[in-house]
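Protein chains: 2
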Amino acid sequence: MRKSIAIDMDNVIADIESNWINLYYKEYGVKVTKQDLHGKPEDEAFPDPVAARRLLYQPGFFRHAPIVPGAQEALIKLQENFDIYIVSAAMEFPNSLPEKYDWLHEHFPSISWKNIVFCGDKRIIDTDYLIDDHLKNLDFCKGTPILFTASHNVNVDRHKRVNNWQEALELLIAAN
Amino acid sequence: MRKSIAIDMDNVIADIESNWINLYYKEYGVKVTKQDLHGKPEDEAFPDPVAARRLLYQPGFFRHAPIVPGAQEALIKLQENFDIYIVSAAMEFPNSLPEKYDWLHEHFPSISWKNIVFCGDKRIIDTDYLIDDHLKNLDFCKGTPILFTASHNVNVDRHKRVNNWQEALELLIAAN
Numbered sequence: 009m010r011k012s013i014a015i016d017m018d019n020v021i022a023d024i025e026s027n028w029i030n031l032y033y034k035e036y037g038v039k040v041t042k043q044d045l046h047g048k049p050e051d052e053a054f055p056d057p058v059a060a061r062r063l064l065y066q067p068g069f070f071r072h073a074p075i076v077p078g079a080q081e082a083l084i085k086l087q088e089n090f091d092i093y094i095v096s097a098a099m100e101f102p103n104s105l106p107e108k109y110d111w112l113h114e115h116f117p118s119i120s121w122k123n124i125v126f127c128g129d130k131r132i133i134d135t136d137y138l139i140d141d142h143l144k145n146l147d148f149c150k151g152t153p154i155l156f157t158a159s160h161n162v163n164v165d166r167h168k169r170v171n172n173w174q175e176a177l178e179l180l181i182a183a184n
Numbered sequence: 009m010r011k012s013i014a015i016d017m018d019n020v021i022a023d024i025e026s027n028w029i030n031l032y033y034k035e036y037g038v039k040v041t042k043q044d045l046h047g048k049p050e051d052e053a054f055p056d057p058v059a060a061r062r063l064l065y066q067p068g069f070f071r072h073a074p075i076v077p078g079a080q081e082a083l084i085k086l087q088e089n090f091d092i093y094i095v096s097a098a099m100e101f102p103n104s105l106p107e108k109y110d111w112l113h114e115h116f117p118s119i120s121w122k123n124i125v126f127c128g129d130k131r132i133i134d135t136d137y138l139i140d141d142h143l144k145n146l147d148f149c150k151g152t153p154i155l156f157t158a159s160h161n162v163n164v165d166r167h168k169r170v171n172n173w174q175e176a177l178e179l180l181i182a183a184n
C-alpha cells in the first residue's frame with residue numbers, strides 16, 4: 009500500500025519568508041535579512057511586528073510567493089511512490105484561500121484538488137508523514153514528523169530535520 | 009478525553025438542496041421537488057443536469073444557502089462534550105472557499121477557524137465520528153460513519169442513518 013505524505017505550504021513549498029522580506033522592504037524601506045529572522049517567531053522578527061503582520065492580509069501576498077527551490081521536481085518524484093497531500097493551515101488567513109488554490113494550480117498542476125487540504129489545526133490529519141516547519145503541527149501529528157528548515161526553527165532540536173528538498177527526497181526514498 | 013466529530017457542510021448544516029431547487033426555479037422557471045430528487049445523484053435529478061451544475065459556480069450560491077433546521081442549536085450543544093470540526097469537500101468548487109468561510113463565520117460563530125477543514129478527499133481526516141450525506145466520504149472514513157439523510161441517499165442501506173439534527177443529537181449524546 010502506498011504511504012501518504014502531508015506537505016505544508018508556507019516555507020515548505022511556498023517561499024513565504026523571502027516574499028515577506030521583499031514586501032517589507034518595498035512597503036517600509038527596511039531590509040531585513042534571513043539571518044535577522046533566525047530563531048525568532050516569524051512576525052516578531054521584523055522591526056515593526058504589527059506592520060509585518062498587516063502584509064499577510066494584503067491581496068496577492070500568498071498568490072505571488074516564489075517557489076521553494078527544488079519543491080516542484082521533488083513533489084513530482086515523490087508522487088511516483090507516495091500519495092501526496094498539500095495541507096496548509098490557511099484558515100488563519102481566509103483571504104489566502106483562493107490565492108493558495110490558484111498558486112497550487114499554477115505551480116503544482118500534478119496535485120489534484122482531491123489532494124489539497126486547507127485547515128486550521130492539523131491534528132486531525134492522518135498521513136504517514138508530515139513535512140512542516142512548525143512544531144505546533146509536528147508535535148501533534150499522527151504520522152512521522154519531518155521538520156523542514158525555516159529561519160524561525162533553526163534552533164529547534166526535536167524531530168528529524170531536512171534542510172532542503174534534496175534532503176527530504178533522499179530521506180523519504182530511503183524510508184520507503 | 010473528548011471525542012471528535014467531523015461534520016460535513018452541504019446538506020448536513022447548509023441546505024444546498026433547497027438552495028439548488030430554488031435557484032433552478034428562479035433561473036429556468038422549472039420547479040423541481042425534493043421528491044423528484046429522491047434516490048438520484050444530485051445534479052442528474054434536474055431536467056437539465058448541465059444547467060443545474062452551472063448554478064454551483066454562480067457567485068453567491070454557497071454564501072446564501074439556508075441553514076439545515078436545528079443545526080445551529082445541535083452544534084452548540086455538541087460542543088459542550090465533543091471537539092467539533094466542520095469538514096467540507098469544498099476544493100471541488102474553489103469559488104466556494106471564501107463563501108463557505110463567510111457563511112460559517114456568520115451562522116456558526118462558535119466554530120473557530122482552527123476547526124474548519126476544506127479538503128478534497130476526506131479519507132485522511134481522522135475523527136471519532138463523521139456525519140455526512142455521501143457514501144464516497146463515509147465508506148472510507150477512519151471513525152464511525154453517520155449517514156445524514158438527503159434526497160439523493162434515501163435508498164442507501166448501509167451506515168447508521170439520522171434523518172435530522174434531533175436524531176443526530178440523541179445518537180451522539182447516548183454514545184458518549
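Respectively, the protein sequence lines represent chains A and B. Heads up, the first sequence is in this note's numbering, so the first residue is 9 and it goes up one at a time. Heads up, the second sequence is in this note's numbering, so the first residue is 9 and it goes up one at a time. Cβ atoms here follow ideal geometry from the backbone N, Cα and C, with glycine treated the same way.
Apart from sequence neighbours up to five positions away, the residues of its chain that approach T135(A) with a beta-carbon distance below 7 Å are S12, I13, A14, Y93 and G151, ordered along the chain. Note that the C-beta distance between N27(A) and P74(A) is below 9 Å. It is roughly 17 Å from the alpha-carbon of E25(A) to the alpha-carbon of E100(A). Taking a 10 Å sphere around the C-beta of E52(A), we find fewer than 16 other C-beta atoms and assign the residue as exposed. For D91(A), the enclosing beta strand (DSSP E) covers residues F90 to S96.
Of I84(B), V58(B), H115(B) and D18(B), the smallest CA-CA separation from I181(B) is found for I84(B).
Closest in C-alpha terms to P106(A), from the list L143(B), A98(B) and D23(B), comes A98(B). In this structure, L143(A) is the residue among L143(A), D147(A) and E175(A) with its C-alpha nearest to the C-alpha of H160(A).
The criterion of a C-beta distance shorter than 9 Å is satisfied by Y36(B) and P55(B). Per DSSP, the unbroken alpha helix (DSSP H) holding D110(A) starts and ends at S104 to H115. The beta carbon of D147(B) sits closer than 6 Å to none of the beta carbons in its chain outside the five residues before and after it.
Burial check for G47(B): the Cβ neighbour count within 10 Å stays below 16, so the residue is exposed.
Residues of the same chain with a CB within less than 7 Å of the CB of Q87(A), apart from the 5 flanking positions on each side, are S118 in chain order.
Put simply, the CB of D51(B) is far from chain A, with every gap to its CB atoms at 9 Å or more. Using a C-beta cut-off of 8 Å, the segment 157-173 of chain A makes contact with the segment 64-82 of chain A, since at least three inter-stretch Cβ pairs fall below that distance.
In this structure, D44(A) lies away from D141(A), with their beta-carbon atoms at least 9 Å apart. For the pair I21(B) and I154(B), the Cα-to-Cα distance works out to about 14 Å. Sixteen is the threshold: since fewer than 16 other Cβ atoms of the shown chains lie within 10 Å of the Cβ of V38(A), the residue is exposed. Ranking H115(B), D110(B) and Y32(B) by CA distance to the CA of F126(B) puts D110(B) first. The C-alpha of K108(B) is placed about 10 Å away from the C-alpha of H115(B). Chain A places no beta carbon closer than 9 Å to that of V20(B), leaving this residue out of the contacts. In this structure, the CA atom of N30(A) is about 39 Å from the CA atom of D91(B). Looking at the backbone, the Cα of D129(A) and that of C149(A) are separated by about 10 Å. For G128(B), the neighbours in chain A by C-beta distance under 8 Å run, in chain order, S120, W121, K122, N123, I124 and V125. S104(B) places its beta carbon 9 Å or farther from that of D16(B). D23(A) counts as buried, since no fewer than 16 other beta carbons sit within 10 angstroms of its beta carbon. The beta carbon of E100(B) sits closer than 9 Å to some beta carbon of chain A. In the DSSP assignment, P153(A) forms a beta bridge with L138(A).
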